[in-house]
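Undergrad: Heads up: the sequence lines are chains D and Y, in that order. Note that the first sequence covers residues 1 to 113 in the working numbering. Note that the second sequence covers residues 114 to 228 in the working numbering. Glycine is no exception: its CB is placed at the ideal position from the N, C-alpha and C atoms. I have a structure I would like to understand better, so I am pasting it below and will then ask my questions one at a time.
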Amino acid sequence: GNSVTQMEGPVTLSEEAFLTINCTYTATGYPSLFWYVQYPGEGLQLLLKATKADDKGSNKGFEATYRKETTSFHLEKGSVQVSDSAVYFCALRVPGGYQKVTFGTGTKLQVIP
Amino acid sequence: DAGVTQSPTHLIKTRGQQVTLRCSPKSGHDTVSWYQQALGQGPQFIFQYYEEEERQRGNFPDRFSGHQFPNYSSELNVNALLLGDSALYLCASSLFFIGGEEGYTFGSGTRLTVV
């Protein structure tokens with residue numbers, strides 16, 4: 001079946017530090033890959049996506065590149081801010097209208113001033 | 114443009130009771146999926162509705178059922194509530210024909226506490 005594995009959290013960084021959150025996946029076919037962010041007490045927001053190999057998704061300074069050869073989609077940001085503190089979920093969806101989005105367990109990021 | 118709207122935002126129920134959660138999808142979306150998110154966990158897929166029918170179901174017992182209305186809104190019903198059903202229930206909408214290239218638009222969720 002399809003699955004997503006994320007690095008364990010929490011991750012604690014100082015403001016302006018470099019962020020990497022690792023994500024690997026297992027899927028049938030050629031999935032689309034996503035990063036979602038969840039702020040405290042809220043639902044999930046789509047942060048970025050990539051739909052094919054070597055695509056780079058980016059948004060709000062965050063980036064992730066779809067690496068088919070390593071089945072990875074690591075999230076990076078060059079300089080984190082306190083406002084980036086949240087839980088980040090890696091997810092995939094294989095092609096087809098009936099297909100569900102499968103999520104990883106989430107990685108909590110805490111950025112301290 | 115309204116996003117996904119869920120109601121209520123919070124509720125508390127007693128074991129054995131039944132609950133109904135409601136969801137209005139984003140304007141223009143025709144597919145609704147429901148997820149359960151336990152504290153500290155990732156969302157787990159419950160089921161998906163399209164054209165008023167359940168199209169796919171995750172590993173949840175029959176106590177969990179749903180419905181989609183002609184205006185695409187949806188309800189999630191849970192019968193015979195257990196303490197373990199306490200979670201954040203998320204509704205997500207999407208446009209069916211776009212398929213796998215798009216993710217979902219999520220609502221803010223309903224926090225269900227079973228006591």
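Is it true that the CB of Y/A205 sits closer than 8 Å to the CB of Y/Q149?
TA: Taking 8 Å as the Cβ cut-off, Y/Q149 and Y/A205 do not qualify as a contacting pair.
Undergrad: I want to see whether chain D comes within less than 8 Å of Y/F177, judged by CB atoms only; does it?
TA: Not one chain D Cβ lies under 8 Å of Y/F177.
Undergrad: To the nearest whole angstrom, what separates the beta carbons of Y/S146 and Y/Y217, a pair I think is in contact under 8 Å?
TA: Contact flag correct, Cβ pair sits at about 6 Å.
Undergrad: Compare the beta carbon distance of Y/S186 and Y/P138 with 8 Å and say whether it is the shorter of the two.
TA: For Y/S186 and Y/P138, yes; Cβs fall inside 8 Å.
Undergrad: Please indicate yes or no: does the CB of Y/I125 lie closer than 7 Å to some heavy atom of the ligand PLP?
TA: In terms of ligand content, the structure shown is empty, and the ligand PLP therefore cannot be addressed.
Undergrad: Against Y/G141, what residues of chain D qualify as contacts under a CB-to-CB distance less than 7 Å, listed in chain order?
TA: Near Y/G141 there are no residues of chain D at all, since even the closest Cβ is about 15 Å away, more than 7 Å.
Undergrad: Decide if Y/H142 is buried, meaning its Cβ has at least 16 other Cβ atoms within 10 Å, or exposed.
TA: By the 10 Å Cβ count, Y/H142 comes out buried.
Undergrad: Hey, is Y/S120's beta-carbon within less than 8 Å of any beta-carbon in chain D?
TA: It does not: the Cβ of Y/S120 has no partner Cβ on chain D nearer than 8 Å.
Undergrad: Taking Y/Y217 as the query, report the chain D residues whose CB atoms sit under 7 Å from its CB, ordered along the chain.
TA: Here the neighbours are V101.
Undergrad: Could I get the ranges of all uninterrupted beta strand (DSSP E) runs contained in the region 49 to 75 of chain D, with 3 residues as the minimum, in chain order?
TA: Within the region 49 to 75 of chain D, the complete beta strand (DSSP E) runs of at least 3 residues are 56 to 59, 62 to 65.
Undergrad: In its own chain, which residues sit with a C-beta less than 6 Å from the C-beta of Y/R135, not counting the 5 before and 5 after it?
TA: Here the set comprises S120, E188.
Undergrad: For chain D, is any of its Cβ atoms less than 8 Å away from the one on Y/G220?
TA: With 8 Å as the cut-off, Y/G220 counts as an interface residue toward chain D.
Undergrad: Can you look up Y/S178 in the DSSP assignment and give me helix, strand or coil?
TA: Residue state, collapsed to three classes: strand.
Undergrad: Could you give the first and the last residue of the continuous beta strand (DSSP E) run that contains D/Y39?
TA: It is not in any beta strand (DSSP E) - D/Y39 carries neither H nor E in the DSSP assignment.
Undergrad: Rounded to whole angstroms, how far is the Cβ of D/A50 from the Cβ of D/L75, which I believe are closer than 8 Å?
TA: With a Cβ gap of about 11 Å, D/A50 and D/L75 do not count as contacting.
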